[in-house]
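Q:
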């Protein structure tokens, strides 16, 4: 180990603590704001210590919601949950099947399919907003869970990840399965699937966060308040025009919007880091 | 790379790829080709007839001062976000790499903003800088600096850059830290024995060896600033004031979805597609090189 100087150690910790504080500061203020009444917040300066309305604000947000939106935040969280889970599970399922076909079979058009999947990397929603909206509306999928999830479940990254992983699975396993008379589906279900468990879990963590945090897509296709995801709900609570925004409820909702993905990152940190590194390969 | 052992079946592989291909065709390739097609048409306001106009939409687009402004805003925005997020993360990673006790705790405390949605990051900073009740705006006013990002374009830009960079620091931090931990300790020890101080060791050994990670992160950060910051812009400034934060992605949304200008929006989509393709090519080129550095 390279020798260190005492003042350097102190300085290092000081810088890191400062970094942590700066990173956490906005969340702290949001938390504090979610525990006060609106009139407390409108004082100048707003209080910087938690107040007494914590439980009241959250209960009000969860079960009643803000005035600007006629739906309680609990309902919006449910929609976000459906979106997060639907996208994560859907992406993993369809990309695993596609990767299995591409790795373990030889068939005409195989490379064409591979390239078609690859191209999706270059077409994020942001660059094809209007025509995609039109397709979804023609299919009658506006304001539905199917419309919120299915258009987002094609993913080149997940397919590549599974393809990469399947390539490292020893050929002997497939050979042995074949000798024992197992068909491809049996091999997939009994051997490949159990082997992929860690990869699936790591990917699930990343994709759940991705799905929960979707913003542009639900903004486009949900007009019915009962289909709002929590992020869209926050936006609607903010756009009240000349009226006073209900900041204490908005801040409580913001905390609730952050909670599930942040908990996932903190408690599944190892899987999360693995997923992050693998998907970028 | 191909598998030696494969299964034989005529129908099964098609059934297996079908869901993925169906979604790709319906929701990716079809809309993208529609965008390409519409970008060379001009449609009358009622959508009754359309005329083929070659590159007219593009000529018009690049002659439009608002579009040129948007390009400039996007360039300033993405360079600022990437610079701020990368330097802060690198600085913190250097410190975290140095500590022996508590490294894990710092890592946990610094990575979680990754999980915060851009749209939420926008709201957090919007609240801090809100001209009437934001605590930071209040502090700035006490210091004699009048903050109102709703009126001042430059301040609006600062605000969205800070919010966007804040969210990206954790990601960069993780990759920088991993990159630094992959550098053999013996190299650093050898330099220390030769009398190089911490700063010298960083600039002559650590930083050059981190180049692949840095390049990779630059591309990722630019992609992030271009496309994933939509939520921040929409929540904080809605592109304003007077287009001061109207980045390209936000402009496509505004012109297409609110302004209902089909041809112009499609042409903008095509330009964006070209940008993504360029960035993806750079990314893949570069990642191939990273494998044997």
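Chains as they are written, first to last, in our numbering: chain A, 1 to 281; chain B, 282 to 574.
Every residue, glycine too, gets a C-beta built ideally from N, C-alpha and C.
I want to see whether chain A comes within less than 8 Å of residue 486 of chain B, judged by CB atoms only; does it?
A: No, its Cβ sits nowhere closer than 8 Å to a Cβ of chain A.
Q: How would you call residue 171 of chain A, buried or exposed, if buried means at least 16 neighbouring beta carbons within 10 angstroms?
A: Result: exposed.
Q: For residue 381 of chain B, count neighbouring Cβ atoms within 10 angstroms of its own Cβ and tell me buried if that reaches 16, exposed if not.
A: Its Cβ having fewer than 16 others within 10 Å, residue 381 of chain B is exposed.
Q: Going along chain B in order, which residues have a C-beta closer than 7 Å to the C-beta of residue 95 of chain A?
A: Per Cβ cutoff of 7 Å: 301.
Q: At the level of alpha carbons, what is the spacing between residue 149 of chain A and residue 431 of chain B?
A: Going by the C-alpha atoms only, they are around 35 Å apart.
Q: Which residues in the same chain as residue 21 of chain A place their Cβ atom closer than 7 Å to its Cβ, once the five residues preceding and following it in sequence are excluded?
A: Nothing listed; no residue qualifies.
Q: Please classify residue 220 of chain A: is it buried, with 16 or more other beta-carbons within 10 angstroms of its beta-carbon, or exposed?
A: Flag for residue 220 of chain A reads buried.
Q: Strictly under 8 Å for the Cβ-Cβ distance: is residue 225 of chain A near chain B by that measure?
A: Answer no: the Cβ-Cβ gap between residue 225 of chain A and chain B never drops below 8 Å.
Q: Which class does residue 39 of chain A belong to by DSSP, given the choice of helix, strand or coil?
A: Correct three-state label for residue 39 of chain A: helix.
Q: Count the other C-beta atoms from every protein chain shown that fall within 10 angstroms of the C-beta of residue 509 of chain B, then say buried if there are 16 or more, exposed otherwise.
A: Buried, by the Cβ-count rule.
Q: Please state the DSSP three-state secondary structure of residue 175 of chain A.
A: Reduced to three states, the DSSP call for residue 175 of chain A is helix.
Q: From the DSSP secondary-structure annotation, give me the bridge partner or partners of residue 416 of chain B.
A: DSSP lists no partner for residue 416 of chain B.
Q: Using a Cβ-Cβ cutoff of less than 7 Å, which residues in the same chain neighbour residue 506 of chain B once the five nearest sequence positions on both sides are dropped?
A: Around residue 506 of chain B: 358, 359, 362, 363, 445.
Q: Within this structure, are the beta carbons of residue 241 of chain A and residue 69 of chain A separated by less than 8 Å?
A: It is not a contact, given that the beta carbons lie outside the stated cut-off.
Q: How about residue 135 of chain A: is its C-beta nearer than 8 Å to some C-beta of chain B?
A: Cβ-Cβ to chain B under 8 Å: yes for residue 135 of chain A.
Q: What's the C-alpha gap between residue 526 of chain B and residue 135 of chain A?
A: Straight-line Cα distance between these residues: approximately 30 Å.
Q: Could you tell me the distance, in whole angstroms, from the CA atom of residue 344 of chain B to the CA atom of residue 531 of chain B?
A: Those two C-alpha atoms are separated by around 19 Å.
Q: Report back the beta-carbon spacing between residue 258 of chain A and residue 249 of chain A to the nearest angstrom; my notes put them in contact at under 8 Å.
A: Actually they do not touch by this definition, with Cβ atoms about 15 Å apart.
Q: Go to residue 323 of chain B, then tell me how far its beta strand (DSSP E) extends in each direction, as first and last residue.
A: Run containing residue 323 of chain B: 322-324, per the beta strand (DSSP E) assignment.
Q: Spell out whether any CB of chain A is found under 8 Å from the CB atom of residue 505 of chain B.
A: Residue 505 of chain B does not count as touching chain A.
Q: List the residues that DSSP assigns as beta-bridge partners of residue 332 of chain B.
A: Looking at the DSSP assignment, residue 332 of chain B forms a beta bridge with B:323.
Q: Rank A:61, A:23, A:191, A:210 by C-alpha distance to the C-alpha of residue 394 of chain B and give the top, closest one.
A: The option with the nearest alpha carbon to residue 394 of chain B is A:23.
Q: At a CB-CB cut-off below 7 Å, which residues of chain B make contact with residue 113 of chain A?
A: The contacting residues are 298, 302.
Q: Against chain A, with Cβ distances strictly below 8 Å, would residue 284 of chain B count as a contact?
A: Yes, residue 284 of chain B counts as interfacial toward chain A.
Q: Taking the straight line between their C-alpha atoms, what separation do you get for residue 481 of chain B and residue 159 of chain A?
A: If I take the Cα positions, the gap works out to 43 Å.
Q: Determine whether the Cβ of residue 294 of chain B lies closer than 8 Å to any Cβ atom of chain A.
A: Answer yes: the Cβ-Cβ gap between residue 294 of chain B and chain A drops below 8 Å somewhere.
Q: Go ahead and pull the three-state DSSP assignment for residue 457 of chain B.
A: The answer is helix: DSSP assigns residue 457 of chain B an H, G or I state.
Q: At least one CB of chain A closer than 8 Å to the CB of residue 573 of chain B: is that the case?
A: Low confidence applies to residue 573 of chain B: its pLDDT is 37, below 50, so where it sits in the model is not reliable, and the reading given next is rough at best. Not one chain A Cβ lies under 8 Å of residue 573 of chain B.
Q: Starting from residue 257 of chain A, find everything on chain B with Cβ-Cβ shorter than 8 Å and list it in chain order.
A: Residues of chain B passing the Cβ test: 398, 401.
Q: Is there at least one Cβ from chain A nearer than 8 Å to residue 566 of chain B's Cβ?
A: Residue 566 of chain B does not count as touching chain A.
Q: Between which two residues does the alpha helix (DSSP H) carrying residue 244 of chain A extend?
A: Neither: residue 244 of chain A is in no alpha helix (DSSP H) and is coded neither H nor E.
Q: Taking 6 Å as the limit between beta carbons, can you name the residues of its chain near residue 155 of chain A, skipping five residues before and five after?
A: 91, 95, listed in sequence order.
Q: Just to confirm before moving on: does the CB-CB distance between residue 543 of chain B and residue 324 of chain B stay below 8 Å?
A: Their beta carbons are under 8 Å apart, which means residue 543 of chain B touches residue 324 of chain B by this criterion.
Q: Under three-state DSSP, which class holds residue 89 of chain A?
A: Residue 89 of chain A falls in the helix class under three-state DSSP.
Q: How far does the alpha helix (DSSP H) with residue 201 of chain A in it reach, from first residue to last?
A: Looking at the DSSP string, the run of the alpha helix (DSSP H) that includes residue 201 of chain A is 197-212.
Q: Assign residue 160 of chain A to one of three DSSP states: helix, strand, or coil.
A: Note: residue 160 of chain A maps to helix in three-state DSSP.
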